[in-house]
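If you're matching positions, the sequence shown starts at 2 in my numbering and goes up one per residue. Working notes for the structure below.
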Amino acid sequence: MDSNSVSQQDMLTVLNVYQQLVTDSTKLAQGDKFLEQALNQINNFASTSIKIFVQKEQNMQMRIYIGALIKNMLREYWQSNQALADQKKEIREILLHGLLMNVGDLRIIEIIALIITEIMVFDGVELWASSLKQIIDWMKSEDLERVNTGLELFCTIFSKVSEKYRNEKILPESFSLTPLIPKLMQALLQILVNLRTLNETQREKLFVLLYLTITSFAYADGSDNRLVAQCFDETFKDWMNLFISTLQTDLKSHITIKRYILKIMNVIFRDFTYYARNAIAIRILPIWKFMNSILPLYIWTCVYGIQLQNLDNNAQPIQDPATILIQQGAQQMDQYGSAGLDNLDFRFLEEEDECLNEIEGLTLNAIELLATLVIKEDLYMLVKHALFPIINALAHFILLSKQQEKLWIHEPNQFITDDEDEANMKSLRALAHNLIFQLIEKFQDQTTQALMIVAEKFMTNQDQAQTVQVIQEFYDKGLASEIKMGQSFDFTKERLMEFIKTSNFDCTLPDHAWKKREVGLLLLGSFSDDIIDFQYKHTSSFDISSLIQNLISDIQIPNSNPILIAKSLWCVTRFSEVIAQKHTELFLPLFKVAMSCLSNIHQFPVRLTAVKSIGVIAHKIKQYQQQLPDRSTWVQYGIEDVSILVDVFDILTYVNVETVHIILDTLVYLNKLSKVYIPEIANLGARSILQIFTLQHNDQMINRITMELITQLSEDPVSFNIIFQNAFSSFILDSFNLIKHHIAENSNLTQIRQQDLSLMASIFDVTSIFVKNCQDNNAKESLIKLLPPLLNLMIVNEECTLQQHASICLKNFIKVADQYIIKNQLVKDVLQVIMKLLQVPTNSQFESNSTYSGNLCMIAFHNLLGGSADPEILKQVIYKIFRSKLATTVQGLVLVWARMIINNPIESVNFLYSFSVENRFALKVLIDKWLLQQAAFRGKYTKNTTLLALTKLFLLKDNRIETLVAIAYNPSHQNVGHDVSAPLKILSTLIRGLDNEMIPQRKEQDYIRDAQNYIKDGEDERLEVDDDENGDYNDQFQEENEGKVEVDMNIIHDEEENQPRQFAVGGEKAGGLAEFETGSTNYMTEGFEFGYDDGEECDETTEEDLEYLKDQYIQVNTAEMLKQFFNDLAKNDPKYFAQCLKHLLKEDINLLQKYINLKNIEQLHSQQIY
2 MDSNSVSQQD
12 MLTVLNVYQQ
22 LVTDSTKLAQ
32 GDKFLEQALN
42 QINNFASTSI
52 KIFVQKEQNM
62 QMRIYIGALI
72 KNMLREYWQS
82 NQALADQKKE
92 IREILLHGLL
102 MNVGDLRIIE
112 IIALIITEIM
122 VFDGVELWAS
132 SLKQIIDWMK
142 SEDLERVNTG
152 LELFCTIFSK
162 VSEKYRNEKI
172 LPESFSLTPL
182 IPKLMQALLQ
192 ILVNLRTLNE
202 TQREKLFVLL
212 YLTITSFAYA
222 DGSDNRLVAQ
232 CFDETFKDWM
242 NLFISTLQTD
252 LKSHITIKRY
262 ILKIMNVIFR
272 DFTYYARNAI
282 AIRILPIWKF
292 MNSILPLYIW
302 TCVYGIQLQN
312 LDNNAQPIQD
322 PATILIQQGA
332 QQMDQYGSAG
342 LDNLDFRFLE
352 EEDECLNEIE
362 GLTLNAIELL
372 ATLVIKEDLY
382 MLVKHALFPI
392 INALAHFILL
402 SKQQEKLWIH
412 EPNQFITDDE
422 DEANMKSLRA
432 LAHNLIFQLI
442 EKFQDQTTQA
452 LMIVAEKFMT
462 NQDQAQTVQV
472 IQEFYDKGLA
482 SEIKMGQSFD
492 FTKERLMEFI
502 KTSNFDCTLP
512 DHAWKKREVG
522 LLLLGSFSDD
532 IIDFQYKHTS
542 SFDISSLIQN
552 LISDIQIPNS
562 NPILIAKSLW
572 CVTRFSEVIA
582 QKHTELFLPL
592 FKVAMSCLSN
602 IHQFPVRLTA
612 VKSIGVIAHK
622 IKQYQQQLPD
632 RSTWVQYGIE
642 DVSILVDVFD
652 ILTYVNVETV
662 HIILDTLVYL
672 NKLSKVYIPE
682 IANLGARSIL
692 QIFTLQHNDQ
702 MINRITMELI
712 TQLSEDPVSF
722 NIIFQNAFSS
732 FILDSFNLIK
742 HHIAENSNLT
752 QIRQQDLSLM
762 ASIFDVTSIF
772 VKNCQDNNAK
782 ESLIKLLPPL
792 LNLMIVNEEC
802 TLQQHASICL
812 KNFIKVADQY
822 IIKNQLVKDV
832 LQVIMKLLQV
842 PTNSQFESNS
852 TYSGNLCMIA
862 FHNLLGGSAD
872 PEILKQVIYK
882 IFRSKLATTV
892 QGLVLVWARM
902 IINNPIESVN
912 FLYSFSVENR
922 FALKVLIDKW
932 LLQQAAFRGK
942 YTKNTTLLAL
952 TKLFLLKDNR
962 IETLVAIAYN
972 PSHQNVGHDV
982 SAPLKILSTL
992 IRGLDNEMIP
1002 QRKEQDYIRD
1012 AQNYIKDGED
1022 ERLEVDDDEN
1032 GDYNDQFQEE
1042 NEGKVEVDMN
1052 IIHDEEENQP
1062 RQFAVGGEKA
1072 GGLAEFETGS
1082 TNYMTEGFEF
1092 GYDDGEECDE
1102 TTEEDLEYLK
1112 DQYIQVNTAE
1122 MLKQFFNDLA
1132 KNDPKYFAQC
1142 LKHLLKEDIN
1152 LLQKYINLKN
1162 IEQLHSQQIY
């Protein structure tokens, strides 16, 4: 573009626009609209803006402002604004010319690159490829300014595109910079090799660009190998050789460059699995050698804080390390700090390694690369033989650093949180932990054995000579004959022993012994499960029992290192399962030892670890108390000594949100161990518990534990009065009053903040706890006063979670304050609330409001209506069932009718047949949805009630039921057929229910059989069990079948023609409620397939309510009840039974035959009805 083509007046006009923006904050806040007006009203506004921006004559700060504003404007209007469309070509030319005008001015180059990237996303790379390739050729120069300009340009472009991949979900396949990559990679290699005058920072930036370039086409490996070959073929080998040669330079040189090289190699071997497959074998040994070589560099600088300048080129101190540390004094801490890392990471890579300095970052990337390589199948044998030196090196890399020591002392909550969250932390310890875990997954016991050797070595502080001797013997015994298999990697026994030597580090500093012991404890505790498993399977010199006893003794040694005390406590607790199996008597002294560490004479991390240990041990003592000495002897070990609670609550004052759960968990476990603790916990901690409740109610884990603790305290009359009267009473009353006043002034709760609604939901929960357990009359009176405002809130509330919690609270009020409700004429209000909950919302997301509406109906009918039911509510229940899609909602509503059918089956059917819901008999609506979702019902009492009610319906043999057709899916929701007669669907559902309930018995039989087949008798191992399965097990099955009632299928032949029974059979598929189930998360899916409910998924609230109602039938064994039903049916009405079976699916018949003998089954000509 001609520099004179824009008049001076035009430039002043445009410049004035930007000056108004940057000087007027009001206009700047509306900058997008302001610039859009200028774009439409001023000729060539965009191109003139770019012209001003690239001119060096303008004020630098104003240029930066203009660049940022015009970038956003172009991104917003590049495709949509017609005025801009006419300027596009000119803008592209100005930007490219601007690069040449601002060589060396990296801030302006960066903004130009950002603008080009935004435009290029719309234009496509092809439009820009020719010009950018010319710039690549242009940057291949001996002029360092041009090189630096090119590096800045392409680093910014590739980084911004990578950001768009992540944040804007742009797929690399749809927008890729690959047309530039082959030429760019060649240019970078040429610059690096030929231009010796590059400084270190420029070299670092070059490797950052290389990293960005390679990651940008990693997606193509395996899917577009031709593209990968185009990008890599000409330079791959040269780059790999350059990487290895750089890693082999002096340890102290090019540290940041080496870190970037490791990142690049990690991408290559991780993401280019296909292309790089042949390069792994020849690169693994140099990489492994490099990792071992930086071990002393890392330990001297990061673990002991010796500054880099005080190390020689072999990473050894230039004089006695103790003397160096004294000379360094206070400067040894944070010697590099965050400034040690160039801001290239943050500008272009958008990642912040959680490390203090460049050496820790180098080490972290080396371990990441190793983790990528060791899982490669091509390296299986090599890694298998090298497990010990790999784990040994990793153990040295996780020696406690100076920064971690500081964190342990000054930020112990953070240290313990990090220690517990290895999976999510990006740290050396986390990486090492994950890598060892990967090795255990891949090599199993061999890794565990190597781990145990390393841990024992660190625990006993063996020196290098001792270690080499032990490992030499180990390899001579087991793996020497196999080592030849690694020769394809130039890997010999001698080289292996060399790697073992270089994986060690010894020094004379006094801290080294305890730091190694801390690592040994860390390894043992972190992988305790694997070690225990290994010990069970193999004979080993490693004695866990002695370890535990020694650790208990070590903890009690006066003046021990506090870090070791805490780690020993943590480690021995991790082996609690071994103690439980072999040495339960150790739990008692261990409890006493942990108690002794609670005192404030210990540092806070020790005390907090002791609290956690006490919780775990208390849980184990409770679990295995039958195997422990008489309870009267426990007192000598401090159990039931409530004075420890003073220390526990003192520790509570120092924890934070990340560690408060440790205290709460321990209090809960102490209460479970002995009720002696409960009153004192209430006395000392009522206000603290209230504070945790109010501040952390949004944290699900903390809230759950807090509620459990409050429940424990409220169940004890003494502690109830303390915690309620002294802490929660006034808080709850004030909260309800605030809601009451809000409702009086507003018609809804929309103005209340979400966090306050969440708190109110938790307040309903804690109120429910107090209502259920209240025995004090004064407290009961205070609580009952909360009922009217609760009812008023539920009438106006539409927030789902709040309504659920309020429903549970109201239900508990009805249980304990029914006479108050009747006396104060609040029954009508309660029924009004129930009707509101039973309303069908226009938005299905509000259905969860009614989760406990069925529970409320049952309790209200039982307590407030004397066992009678409100007819209008019953009708609304059917309509709610008809429209509901969530199994949790349907379950409670069906229970209302199931209980009525059990008590009055004929009256219930009469009522259900007396009204319709949208042209469907209510009876059909109920049976359709009930049978559809029966498989999803959870909880013993729920299943007993609903299945028993189904048997009642079946036995009625009511013509209205027999002529009713049910929806056309079988109970396992595997196929669709014609609509089927309701009794047949009921019978099929009951058969599936019986088979489902028999699963635990079958599992137990399988377990016994497996145990019998698993015989270890010296060298004789019994491996073949096929014959057993066809022998003993079938014999056992036959024995179990003896005494079964028989059903002779011939019984129907004699009278079939004279007295045929007509079952209704529909003619359509997928009828019934199907159209009303659209959007259901489970409908007609495996979510409704029968699966044994082991209790974990059941709704405890519903089960608790059914238990409260004291229905006699809920306590029966579900499987036995169903078997009795089928046996009685076979005895009392065999003709009807056989007639029904004739129409069932073959799979139903097969399931039933497990429990009922069907004689002459071949006469049964099954008809597919589903």
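Idealized CB from N, CA, C, for every residue including glycine.
Nearest to residue i by CA position, among the options, is which residue?
i, options, result
"Ile928", "Gln320, Ala983, Arg754", "Ala983"
"Asp464", "Asn911, Cys508, Glu58", "Cys508"
"Glu361", "Ser915, Leu296, Ala396", "Leu296"
"Tyr880", "Glu919, Tyr1156, Leu1153", "Glu919"
"Glu709", "Phe729, Ala728, Asp666", "Asp666"
"Ile110", "Ile618, Ala30, Phe54, Glu153", "Glu153"
"Ile245", "Trp289, Lys824, Ile706, Leu22", "Trp289"
"Glu164", "Val878, His255, Val122, Asp631", "Val122"
"Leu29", "Ala870, Leu70, Leu380", "Leu70"
"Gln1140", "Glu963, Ile618, Gln1125", "Glu963"
"Leu811", "Cys801, Lys773, Pro842, Val841", "Lys773"
Taking its Cβ as the centre, do 16 or more other Cβ atoms sit within 10 Å of residue i, making it buried, or is it exposed?
i, result
"Arg197", "exposed"
"Ser50", "buried"
"Gln1113", "exposed"
"Thr1086", "Confidence at Thr1086 is low in this model, with a pLDDT of 39, below 50, so the placement of that residue should be treated as unreliable; the coordinate-derived value is given next. With fewer than 16 other Cβ atoms within 10 Å, it is exposed."
"Tyr276", "buried"
"His434", "buried"
"Ala86", "exposed"
"Val15", "buried"
"Asn267", "buried"
"Gly868", "exposed"
"Pro390", "buried"
"Phe1174", "In the structure displayed, the chain extends from 2 to 1171; residue 1174 sits before or after that span and is not available."
"Leu1153", "buried"
Tell me the DSSP secondary structure of residue i in three-state form.
i, result
"Leu380", "helix"
"Lys568", "helix"
"Val981", "strand"
"Leu1159", "strand"
"Leu178", "coil"
"Ala780", "helix"
"Val612", "helix"
"Leu312", "strand"
"Glu1069", "With a pLDDT of only 49 at Glu1069, under the threshold of 50, the placement of this residue in the model should not be trusted; the figure read from the coordinates follows. Three-state DSSP puts Glu1069 in coil, outside helix and strand."
"Val966", "strand"
"Pro511", "coil"
"Ile558", "coil"
"Pro322", "helix"
"Met999", "coil"
"Leu524", "helix"
Should residue i be counted as a contact of the ligand NAD given a C-beta to heavy atom distance under 7 Å?
i, result
"Ile256", "As far as ligands go, the structure on display features none, and thus does not contain the ligand NAD."
Quiz item: Three or more beta-carbon pairs under 8 Å between the segment 455–464 and the segment 519–534, yes or no?
Solution: Yes, they touch.
Practice problem: May I have a chain-ordered list of the alpha helix (DSSP H) segments no shorter than 4 residues that lie completely inside the segment 893–939? | Solution: Taken in chain order, the whole alpha helix (DSSP H) runs of length 4 or more contained in the segment 893–939 are 906–913, 923–934.
Quiz item: If we count Cβ pairs, one from each stretch, closer than 8 Å, do we get three or more for the segment 660–678 versus the segment 693–702?
Solution: Counting Cβ pairs under 8 Å, three or more are found: they touch.
Quiz item: Taking three-plus beta-carbon pairs below 8 Å as touching, is the segment 850–866 in contact with the segment 884–900?
Solution: Three or more Cβ pairs drawn from the segment 850–866 and the segment 884–900 lie within less than 8 Å of each other, which places the two stretches in contact.
Exercise. Say whether the segment 163–177 touches the segment 216–236, bearing in mind that this needs 3 or more beta-carbon pairs closer than 8 Å, one atom from each stretch.
Key: Three or more Cβ pairs drawn from the segment 163–177 and the segment 216–236 lie within less than 8 Å of each other, which places the two stretches in contact.
Self-check item: Ordered list of alpha helix (DSSP H) runs contained in the segment 1098–1161, each at least 4 residues
Solution: Counting only runs of 4 or more, we get 1101–1110, 1119–1133, 1135–1143, 1147–1153.
Self-check item: Touch test, the segment 786–806 against the segment 816–831, Cβ-Cβ under 8 Å, three pairs minimum
Solution: Touching, yes.
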